[in-house]
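Colleague:
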Amino acid sequence: MTIFTLDEVEKTFTNGEIEENILKGISLSLKEGEITALVGTSGSGKSTLLTIAAGLQPASNGEVLFDGNNLTTMSDEQVRKVRAKEFGFVFQFAHLVPFLTVEEQLMLMLEVSGSTLSKKEQKNEVDQVLDVIGMEHRKNAYPSSLSGGEKQRVAVARAIIHKPKVLFADEPTASLDSKRSKDMMELIRYLTKKMNITTLMVTHDEEMLSYVDRILQMSDGMVLENE
Amino acid sequence: MNIGWKEIKKNKSRFLILGSIVFLVSLLTMIISGLANGLSQDNAALIKDLPEGHFYMSEDAEETYNLSRIDTDVQNEIMNKHPDAVALSIQMGFLNDQDDKQQSVAFVTSTNSDLFEQVNKGEVIVDRSLKEKGIKTGDRLTNNQLRDELVIKGFVEQKKFSHAPVAYINREDYKKMYNVEQMQLVFIPGEDSAQSFTGLQSYSNKDFLSTIPSYNAEQMSLTMIVSFLIVISGMLFAIFFYMMNIQKIGLYGILKAIGIKTSRLFKMIWTQMFFITIIALTLSISLSHVFNLIAPEGMPFHLTIETTTQLSIIFLVVGFIGATLSGLQIRKIEPLRAIQQGED
Ligand SMILES: Nc1ncnc2c1ncn2[C@@H]1O[C@H](COP(=O)(O)OP(=O)(O)OP(=O)(O)O)[C@@H](O)[C@H]1O
Ligand SMILES: [Mg+2]
Numbered sequence: 001m002t003i004f005t006l007d008e009v010e011k012t013f014t015n016g017e018i019e020e021n022i023l024k025g026i027s028l029s030l031k032e033g034e035i036t037a038l039v040g041t042s043g044s045g046k047s048t049l050l051t052i053a054a055g056l057q058p059a060s061n062g063e064v065l066f067d068g069n070n071l072t073t074m075s076d077e078q079v080r081k082v083r084a085k086e087f088g089f090v091f092q093f094a095h096l097v098p099f100l101t102v103e104e105q106l107m108l109m110l111e112v113s114g115s116t117l118s119k120k121e122q123k124n125e126v127d128q129v130l131d132v133i134g135m136e137h138r139k140n141a142y143p144s145s146l147s148g149g150e151k152q153r154v155a156v157a158r159a160i161i162h163k164p165k166v167l168f169a170d171e172p173t174a175s176l177d178s179k180r181s182k183d184m185m186e187l188i189r190y191l192t193k194k195m196n197i198t199t200l201m202v203t204h205d206e207e208m209l210s211y212v213d214r215i216l217q218m219s220d221g222m223v224l225e226n227e
Numbered sequence: 001m002n003i004g005w006k007e008i009k010k011n012k013s014r015f016l017i018l019g020s021i022v023f024l025v026s027l028l029t030m031i032i033s034g035l036a037n038g039l040s041q042d043n044a045a046l047i048k049d050l051p052e053g054h055f056y057m058s059e060d061a062e063e064t065y066n067l068s069r070i071d072t073d074v075q076n077e078i079m080n081k082h083p084d085a086v087a088l089s090i091q092m093g094f095l096n097d098q099d100d101k102q103q104s105v106a107f108v109t110s111t112n113s114d115l116f117e118q119v120n121k122g123e124v125i126v127d128r129s130l131k132e133k134g135i136k137t138g139d140r141l142t143n144n145q146l147r148d149e150l151v152i153k154g155f156v157e158q159k160k161f162s163h164a165p166v167a168y169i170n171r172e173d174y175k176k177m178y179n180v181e182q183m184q185l186v187f188i189p190g191e192d193s194a195q196s197f198t199g200l201q202s203y204s205n206k207d208f209l210s211t212i213p214s215y216n217a218e219q220m221s222l223t224m225i226v227s228f229l230i231v232i233s234g235m236l237f238a239i240f241f242y243m244m245n246i247q248k249i250g251l252y253g254i255l256k257a258i259g260i261k262t263s264r265l266f267k268m269i270w271t272q273m274f275f276i277t278i279i280a281l282t283l284s285i286s287l288s289h290v291f292n293l294i295a296p297e298g299m300p301f302h303l304t305i306e307t308t309t310q311l312s313i314i315f316l317v318v319g320f321i322g323a324t325l326s327g328l329q330i331r332k333i334e335p336l337r338a339i340q341q342g343e344d
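So the protein lines, in turn, are chains A and B. 227 is the number that the UniProt record's numbering gives the last residue of the first sequence; the numbers go up by one with no jumps. 344 is the number that the UniProt record's numbering gives the last residue of the second sequence; the numbers go up by one with no jumps.
Here it is, written out as structure tokens:
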């Protein structure tokens, strides 16, 4: 079942006098529970496409349809609510809140997503996820005392704790070594499959492609699909 | 979750430093306000303690009360119309005590009124500060312009004029000393607006205070220091939160990306600002009131709860404005910026 559709999405940036057409009419759809990888040369527009899909910047033209809603016509506040409730984000760096413990990071995400669970249920939820990512013993640690791989695992936990429908990941393994990258991909695959989360992921790393269901090749603002 | 509080807990030293500076600035502000208030009390308690009303002095006195002479007919006319009006005169002068030591005083005499002490001929009531100079009730004092002695009949609390203790004397004695028939001033208590009398100019209590030499100069410079300190405290908050925010642009971006409202980020700054300010103010209020109690006798220091409350409110408002101004940049941060930025 299709949960996410981009229809003829275009993006134009104006640098002074020059208009640059970064996305040249992209149409694609994501199937529920599938992991889709966006690959392509640097500057081909992968991150731009991902952030438009995630409602972090508007498209110049075209439509972004999520679960029956048109993100392109929603107000900023409505888009924010969708992001908080239905989307999860992982980026190249973990970007954890430096003054919150691992547990607090996840509790905050639950709160932001508008969770209706009681405090106790939320704590249970957090404990379970921490158990899955193997970080239970560090739940009272602050990010500054975590390793790069640990931080990124917490970032993944934060991205899925509120059971979003879609996970957006922009080069989630780029800051990790090869062993940790594989662990990270395994974790993402395990979690999204278990929770039936649709994933759109940008990656540079060929090795990571074995963990995805579908690969979209981008080139110069266009998508050339291949399997 | 109160993220503002969590941040304070994690970065104690950073907030402790800001808190200490706010504490020191607010303490200094309160001490200087106490001093300003004390000095004004020392300078003009005689006038400040009067109810609201209007003073009248002759137009040709050009705002100098001791050049003013109220025409006796005009005075009578006013007194008939306003039974609570009082005519008074003030002159700086000296009293010689029994050891022939000169004490500088402000002689005050008035027509019959509750607002000023009334004494019989040959008697004097003086400010309590003369007690500390060794003068007692019953002492016989002399004045160079007066043949007869003046007997101390009693003391009054805190009645000062032009930094000198007030000495209330009888009109007859005053006339002999200064050789004048007319009074200098008329005071009509009451909230009503000023009235016009031929040849007289009206002054509100506040306006009259500023005609006292040195009063304005003193108060203005102190008020200026106090306002500067308040502005500085506002800037402290603005600059502190600005620096903190600059460091946190990436973080704010990511928080916005995951769906935190901008208003929540503002609330975070406000919580921090109020938390710090309230603790700093509590400390500086207590300390300045302790200072009020232990200030040396001769030091004109007078801090009221009213003043500290007013200052505290101003500090909170100014801190709020400073923090909010520096927070305005948060609104401009786009979630995207953060993602393209490197590691925190
Ligand atoms: N805000 C912007 N203003 C102007 N140009 C932009 C902006 N954002 C992106 N671009 C341009 O759009 C093009 C595509 O950028 P994008 O970040 O999407 O590439 P990418 O495929 O993610 O590259 P990489 O693999 O290096 O991350 C680049 O040439 C970039 O300079
Ligand atoms: Mg990119």
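We treat Cβ as the ideally placed atom computed from N, Cα and C, and that holds for glycine.
How many whole angstroms separate the CB atoms of A54/A and F168/A, which I take to be in contact at a CB cut-off of 8 Å?
Modeller: Confirmed, Cβ separation roughly 5 Å.
Colleague: Would you call S68/B buried or exposed, if buried means 16 or more other Cβ atoms sit within 10 Å of its Cβ?
Modeller: Flag for S68/B reads buried.
Colleague: Can you tell me whether DSSP reads T109/B as helix, strand or coil?
Modeller: The answer is strand: DSSP assigns T109/B an E or B state.
Colleague: Counting only the same chain and skipping the five closest in sequence on each side, list residues whose C-beta sits under 8 Å from that of V318/B.
Modeller: Within the same chain, V318/B has close Cβ partners I230, V231, S233, G234 and F237.
Colleague: Rounded to whole angstroms, what's the CA-CA distance from S42/A to N21/A? Just pull it up for me.
Modeller: Distance between the alpha carbons of S42/A and N21/A: 15 Å.
Colleague: Name the residue from P143/A, I3/A and Q105/A whose alpha carbon lies nearest to the alpha carbon of M1/B.
Modeller: Among P143/A, I3/A and Q105/A, the Cα nearest to that of M1/B belongs to Q105/A.
Colleague: So, at 8 Å on beta carbons, what are the nonlocal neighbours of Q92/A in its own chain, with the 5 sequence-adjacent residues on each side left out?
Modeller: Correct list, in chain order: D170, E171, P172, A174 and S175.
Colleague: With a threshold of 8 Å between beta carbons, is T257/B in contact with chain A?
Modeller: Note that residue 257/B is Ala in the sequence shown here, rather than Thr. Closer than 8 Å to some Cβ of chain A, the Cβ of A257/B qualifies, so yes.
Colleague: Just the C-alpha distance for E8/A and S27/A, rounded to the nearest angstrom, thanks.
Modeller: Distance between the alpha carbons of E8/A and S27/A: 5 Å.
Colleague: Taking a contact to mean a Cβ-Cβ separation below 8 Å, would you say residue 260/A touches K11/A in this structure?
Modeller: The requested residue 260/A is not part of the displayed model; chain A covers only 1 to 227.
Colleague: Along chain A, which residues have their Cβ under 9 Å away from the Cβ of M1/B?
Modeller: Those within 9 Å of M1/B in chain A are L100, E104, M107, L108 and E111.
Colleague: State the start and end residues of the unbroken beta strand (DSSP E) segment that holds F275/B.
Modeller: Looking at the DSSP string, F275/B is not in any beta strand (DSSP E); the run it does join, the alpha helix (DSSP H), is T262 to I294.
Colleague: Consider the Cβ of R138/A: report whether some Cβ of chain B lies at a distance smaller than 8 Å.
Modeller: Output row for R138/A: interface = no.
Colleague: Of all Cβ atoms in chain A, is any one closer than 8 Å to the Cβ of G250/B?
Modeller: Cβ-Cβ to chain A under 8 Å: yes for G250/B.
Colleague: Put H137/A into one of helix, strand or coil per three-state DSSP.
Modeller: H137/A falls in the helix class under three-state DSSP.
Colleague: Identify which residue in M57/B, T64/B, D84/B and H82/B has its Cα closest to the Cα of D71/B.
Modeller: Measuring from the Cα of D71/B, the nearest candidate turns out to be M57/B.
Colleague: Where does the unbroken alpha helix (DSSP H) through V156/B begin, and where does it stop?
Modeller: Careful: V156/B lies outside any alpha helix (DSSP H), inside the beta strand (DSSP E) at L146 to V156.
Colleague: Here's the rule I'm using: 16 or more other beta-carbon atoms within 10 Å means buried, otherwise exposed. How should G253/B be labelled?
Modeller: Looking at its Cβ environment, which holds 16 or more other Cβ atoms inside 10 Å, G253/B is buried.
Colleague: Quick one: grab the DSSP three-state call for Y142/A.
Modeller: It is coil, neither helix nor strand.
Colleague: So does N15/A have its beta carbon nearer than 7 Å to some heavy atom of ligand 1?
Modeller: Yes.
Colleague: Report buried or exposed for R140/B, applying the criterion of at least 16 other Cβ atoms within 10 angstroms of its Cβ.
Modeller: Exposed is the call here.
Colleague: For K267/B, would you say it is in contact with chain A, using Cβ-to-Cβ distances shorter than 8 Å as the test?
Modeller: No, no contact with chain A.
Colleague: Verify the contact flag: G43/A, CB atom, against every heavy atom of ligand 1, threshold strictly below 7 Å.
Modeller: True, at least one ligand heavy atom lies under 7 Å from that Cβ.
Colleague: Which residue comes first and which comes last in the alpha helix (DSSP H) that contains L187/A?
Modeller: Per DSSP, L187/A belongs to the alpha helix (DSSP H) from S178 to M195.
Colleague: For E306/B and chain A, any beta-carbon pair shorter than 8 Å?
Modeller: No, E306/B does not count as interfacial toward chain A.
Colleague: Quick one: Cα of residue 368/B to Cα of F116/B, how far?
Modeller: This structure cannot speak to residue 368/B, because chain B is shown only from 1 to 344.
Colleague: Is it right to say I333/B is buried, meaning 16 or more other beta carbons lie within 10 angstroms of its own, or is it exposed?
Modeller: I333/B is buried by the Cβ-count criterion.
Colleague: Taking 6 Å as the limit between beta carbons, can you name the residues of its chain near S219/A, skipping five residues before and five after?
Modeller: So the list reads G40 and S44, once near-sequence residues are dropped.
Colleague: Output the residue ranges of the beta strand (DSSP E) runs that lie fully inside the segment 159-212 of chain B and measure 3 residues or longer, sorted by chain position.
Modeller: If we require 3 residues or more, the beta strand (DSSP E) runs fully inside the segment 159-212 of chain B come out as 164-169, 185-189 and 200-204.
Colleague: Starting from I249/B and walking both ways along the alpha helix (DSSP H), at which residues does that stretch end?
Modeller: Counting along the chain, the alpha helix (DSSP H) containing I249/B begins and ends at I249 to A257.
Colleague: Are any of the Cβ atoms in chain A nearer than 8 Å to that of L16/B?
Modeller: So, not an interface residue.
Colleague: Using a Cβ-based criterion (distance less than 7 Å to any ligand heavy atom), does G40/A qualify as near ligand 1?
Modeller: Yes; taking the cut-off as 7 Å, the Cβ of G40/A has a heavy atom of ligand 1 nearer than that.
Colleague: Between the segment 27-46 of chain B and the segment 283-296 of chain B, do at least 3 Cβ pairs fall closer than 8 Å?
Modeller: They touch, by the three-pair rule.
Colleague: Select from E52/B, G38/B and G138/B the residue whose C-alpha is nearest the C-alpha of A194/B.
Modeller: Among E52/B, G38/B and G138/B, the Cα nearest to that of A194/B is on E52/B.
Colleague: I'd like to confirm something about V202/A: is its beta-carbon nearer than 7 Å to some heavy atom of ligand 3, or not?
Modeller: Within the structure as shown, ligand 3 is missing, the only ligands being ligand 1 and ligand 2.
Colleague: Looking at chain A, is there any beta carbon in it that lies within less than 8 Å of the beta carbon of K6/B?
Modeller: Closer than 8 Å to some Cβ of chain A, the Cβ of K6/B qualifies, so yes.
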